[in-house]
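First the structure, in the form of structure tokens, and then the observations on it.
Residue numbers (this note's numbering): 3 to 297.
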């Protein structure tokens with residue numbers, strides 16, 4: 003996959019409409035099915051291009067600019083204001099499917115200085131952490147903001163996400179990445195530039211998610227900040243970290259400790275052939291789920 007390019011000189015490609023009909027200019031009126039405007043691509047959005055070999059390329063739609071893909075160019079202005087879900091040709095004649103990236107497609111393309119939590123672990127965090135609309139959630143640390151995006155969508159406008167992050171440069175990067183997915187306004191997101199090991203100011207939280215090197219050092223503070231029955235989710239890459247958390251969680255006020263990892267094996271389907279891919283996404287991290295108990 004590739005990152006976002008700077009604008010280059012404009013070109014005027016052509017492509018077929020979404021229904022598989024004849025080729026038409028990209029800027030032509032082919033908005034069938036886009037009656038509510040939700041399909042319309044807007045300036046500044048990140049857009050995913052998928053070629054005929056299913057290779058993915060993410061680019062930003064910068065007004066007045068253009069970008070190159072595989073020996074041909076696209077003019078951003080010919081895509082802005084048109085619906086996603088179409089097939090278009092670049093100036094070199096190669097066909098691409100144009101879509102907004104899903105969360106799972108966006109995360110591998112995020113600018114980052116630290117490892118992100120990938121979608122195969124994000125899903126279990128949200129489900130096993132039982133994170134939903136209206137909840138008050140705290141995460142530490144923020145990193146590039148990949149998990150932050152998922153948490154903000156899960157809690158919705160009536161909930162809140164508080165992110166503790168010690169490094170200012172990570173905060174700046176997370177803000178930019180969150181803006182890619184949620185737009186410039188995320189009023190339910192609060193960023194605290196502080197070391198979570200020095201204490202958590204919030205009280206009565208519904209959920210806490212820890213993605214840090216020594217999460218056991220925060221267990222006591224997390225227990226004070228979580229409401230009774232609240233869920234603590236810990237994400238760590240090594241078994242030694244798992245052991246430290248599992249051993250210390252009961253003394254800190256946590257019970258119902260559950261530890262697991264997830265593995266992802268894609269499948270290949272083409273013609274009469276269907277088989278597992280030769281590569282799979284195996285170990286990335288362990289998840290530890292705990293509940294705040296009251297004696």
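All C-beta atoms in this analysis are idealised placements derived from N, C-alpha and C, irrespective of residue type, glycine included.
Can you round the beta-carbon distance between residue i and residue j to whole angstroms, since I take them to be within the 8 Å contact cut?
i           : j           : result
residue 211 : residue 290 : With a Cβ gap of about 11 Å, residue 211 and residue 290 do not count as contacting.
residue 166 : residue 196 : 6 Å
residue 282 : residue 265 : 6 Å
residue 288 : residue 235 : Contact flag wrong, Cβ pair sits at about 11 Å.
residue 88  : residue 47  : Contact doesn't hold; Cβ gap of about 15 Å is too wide.
residue 217 : residue 247 : 6 Å
Is the beta carbon of residue j closer than 9 Å to that of residue i?
i           : j           : result
residue 98  : residue 52  : yes
residue 49  : residue 62  : yes
residue 78  : residue 66  : yes
residue 228 : residue 199 : no
residue 120 : residue 156 : no
residue 177 : residue 193 : yes
residue 117 : residue 145 : yes
residue 213 : residue 143 : yes
residue 230 : residue 296 : yes
residue 136 : residue 158 : yes
residue 161 : residue 139 : yes
residue 105 : residue 172 : no
residue 100 : residue 81  : yes
Thinking just about the alpha-carbon of each residue, which of the options is nearest to the one in residue i?
i           : options               : result
residue 204 : 164, 170 and 214      : 164
residue 190 : 293, 153, 147 and 89  : 153
residue 206 : 294, 124 and 183      : 294
residue 256 : 224, 117 and 69       : 224
residue 74  : 90, 162 and 285       : 90
residue 83  : 182, 133, 44 and 219  : 44
residue 219 : 132, 172, 249 and 232 : 249
residue 201 : 161, 221, 180 and 175 : 221
residue 141 : 133, 269 and 150      : 150
residue 278 : 267, 272 and 285      : 267
residue 233 : 186, 132, 263 and 160 : 132
residue 226 : 254, 130, 240 and 80  : 254
residue 123 : 252, 269 and 262      : 262
residue 110 : 292, 58 and 71        : 58
residue 70  : 271, 93 and 129       : 93
residue 251 : 292, 173 and 183      : 292
residue 280 : 274, 273, 286 and 269 : 269
residue 112 : 181, 273 and 215      : 181
residue 55  : 284, 286, 271 and 285 : 271
residue 285 : 240, 276 and 76       : 240
Per DSSP, what kind of secondary structure is residue i in: helix, strand or coil?
i           : result
residue 242 : helix
residue 110 : helix
residue 95  : coil
residue 259 : strand
residue 188 : coil
residue 26  : Any reading at residue 26 must be qualified, since the residue scores a pLDDT of 34, below 50, and its modelled position is unreliable; the value itself is stated next. DSSP places residue 26 in strand when its eight states are reduced to three.
residue 58  : strand
residue 36  : Only weak support exists for where residue 36 lies, its pLDDT of 41 falling under 50; the value from the coordinates is given anyway. Residue 36 falls in the coil class under three-state DSSP.
residue 227 : helix
residue 89  : strand
residue 219 : helix
residue 45  : coil
residue 53  : strand
residue 71  : strand
residue 153 : helix
residue 31  : Legend: pLDDT at residue 31 = 37, less than 50; position of this residue unreliable, value from coordinates given subsequently. DSSP places residue 31 in coil when its eight states are reduced to three.
Continuous beta strand (DSSP E) assignments of at least 3 residues falling wholly in the region 117-150: 138-142
Contiguous alpha helix (DSSP H) assignments of at least 4 residues, all confined to the region 167-211: DSSP runs (the alpha helix (DSSP H)) wholly in the region 167-211: 170-184.
Alpha helix (DSSP H) segments (min. 4 residues) lying fully within the region 257-296: Counting only runs of 4+ residues, no alpha helix (DSSP H) is found wholly inside the region 257-296.
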